[in-house]
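Enquirer: One point on numbering: in the numbering used here, the residue at position 132 of the sequence shown is 132, and numbering is uninterrupted.
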Amino acid sequence: MLSLRKGRYAARMAGGAADLRAAQALRTLCFRGADARAQDADAFDAECHHVLVEESRSGALVCTFRLMPLGTGAEIGRSYSAQYYELSALESFAGPMVEMGRFCIHPDWKDPDILRVAWGAMTRFVDDEGVELLFGCSSFKGTEAESYMDAFALLKERHLAPKRFLPRVKAPNVFRFAQKLRRREPDAKRALTGMPPLLRSYLLMGGWVSDHAVVDRDLNTLHVFTGLEIGAIPPARKRLLRATAG
């Protein structure tokens, strides 16, 4: 079972119902707010592995995410992302895949090492399972696209999915940024400032995104489908990830 300790933080798989409830409580805080009446939980939780990143001394849960392994692209219709994106272009992907979802870091914890340890744990899982494609939904806070125009313009200009994998529109409410911003030149500094840290990490490794964002009013987010072919990660970046995962 996955277990990783680096500096102040340790990552591990959830070990039972109490761990799952703790992960769901952190997700509720991050995605729905401290005054949410209902726990952030869904039917996908039972199909996933749940990873907890804790501060070693206090045991405080500072980060969580869940993983749904799929044998090949033929199973992608089972994924959370498939509710929102038409993913038939990925059905022919022949290798093992894993969907990472509900990634969140406690808002009171700002240490960048938390994200590094989370990616180290993900790298360990990917290597152990022989995963060839990592994918999921990367979320921007809020549902107003105007707040992120430079970020979306940068995604349009540099990071769209290859045509052979490009997700098509399925959700009823989307922002077609590649179409609407085709003439906009992004301010790279503003774009990166407005981009979620998880998405920036994907892109640094060669990740790509859908050409549209889904407006998710339930979680008060805008999200883009994000894919990362493990074989395409630059060698220097792989070495850094594996050093963290070792």
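Backbone N, C-alpha and C fix where the C-beta goes; we use that ideal spot for every residue, glycine too.
Return the CA-CA distance between Thr64 and Asp216, expressed in angstroms with no decimal places.
Expert: Answer to the nearest angstrom: the Cα atoms are 20 Å apart.
Enquirer: Where does the unbroken alpha helix (DSSP H) through Ala197 begin, and where does it stop?
Expert: Looking at the sequence itself, residue 197 is Pro, so the reference to Ala does not match. It spans Pro197 to Leu204 - the alpha helix (DSSP H) in which Pro197 sits, taken as one unbroken run.
Enquirer: Leaving out five residues on either side along the sequence, give the residues of the same chain with a beta carbon under 6 Å from the beta carbon of Ala10.
Expert: Glu54 and Ser56
Enquirer: Does the pairing of the stretch 228-236 with the stretch 193-205 give three or more beta-carbon distances under 8 Å?
Expert: yes
Enquirer: Looking at C-alpha atoms only, which residue of Ala151, Val174 and Gln179 is the closest neighbour of Leu192?
Expert: Of the candidates Ala151, Val174 and Gln179, the one whose C-alpha sits nearest the C-alpha of Leu192 is Ala151.
Enquirer: Under 6 Å Cβ to Cβ from Gly130, same chain only, skipping five residues before and after it: list those, please.
Expert: Pro96
Enquirer: Going along the chain, which residues of its own chain have a beta-carbon closer than 8 Å to the beta-carbon of Ser88, five neighbours each way excluded?
Expert: Arg168
Enquirer: Who are Trp208's beta bridge partners in DSSP?
Expert: Gly227
Enquirer: Taking three-plus beta-carbon pairs below 8 Å as touching, is the stretch 35-54 in contact with the stretch 117-127?
Expert: yes
Enquirer: Just to confirm, are Cys137 and Ser81 a CB contact at a threshold of 9 Å?
Expert: yes
Enquirer: I'd like the span of the alpha helix (DSSP H) that includes Glu304, first residue to last.
Expert: No answer is possible for residue 304: it lies beyond the span of the chain, which begins at 1 and ends at 246.
Enquirer: Please name the residue in Trp208, Val214 and Ser58 whose C-alpha comes closest to that of Lys163.
Expert: Trp208
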